[in-house]
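J.:
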Amino acid sequence: MLEFLEELVKIIRERKHSNPEKSYTSKLLNDKKMNVTKLNEEVKELIEAIQKNDNQVHEAADVLYHLLVLLEGSGIKIEDVMQELKKRQNGIRQK
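Residue numbers (my numbering): 71 to 165.
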């Protein structure tokens with residue numbers, strides 16, 4: 071399962087060099103404002119889906135994808151985020 075997440079990150083990174091007119095991911099990577107707007111929209115849709123108990127997995131996937139694209143487009147590596155979470159692991163276990 072996590073291999074797919076790694077593959078998705080790899081694809082997102084490859085799309086940095088794609089034509090934005092042909093790649094939605096490339097378009098988002100090259101337009102941070104558009105990506106932030108889209109991520110906000112997707113988060114709202116996820117919250118609504120959770121409240122309605124309908125379509126949560128689909129909406130969560132949209133949020134995760136758009137977050138990964140925003141991170142990559144902002145020069146933030148998912149590996150660094152995961153390392154930060156790992157550092158916090160002891161605090162999480164103690165709570």
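Heads up, the beta-carbon is just placed ideally off N, CA and C, and yes, glycines get one too.
1) Among the candidates A119, L99, N89 and S93, whose CA atom is the shortest distance from the CA of H136?
2) Spatial neighbours of K86 within its chain, please: CB distance less than 6 Å, with the 5 preceding and 5 following residues excluded, ordered by chain position.
3) Residues in its own chain within less than 8 Å of K97 by CB, not counting five upstream and five downstream?
4) How about A130 and L116: do their beta carbons lie closer than 8 Å?
5) Give me the residue from K156, K102 and E154 with the minimum Cα distance to G145.
6) Between which two residues does the alpha helix (DSSP H) holding S144 run?
7) Could you tell me the alpha carbon to alpha carbon distance between S93 and Q126, rounded to whole angstroms?
8) Rounded to a whole number of angstroms, what is the C-alpha to C-alpha distance between E84 and T95?
T.: In terms of the structure at hand:
1) L99
2) L99
3) P90, E91 and M104
4) yes
5) K102
6) It is not in any alpha helix (DSSP H) - S144 carries neither H nor E in the DSSP assignment.
7) 26 Å
8) 10 Å
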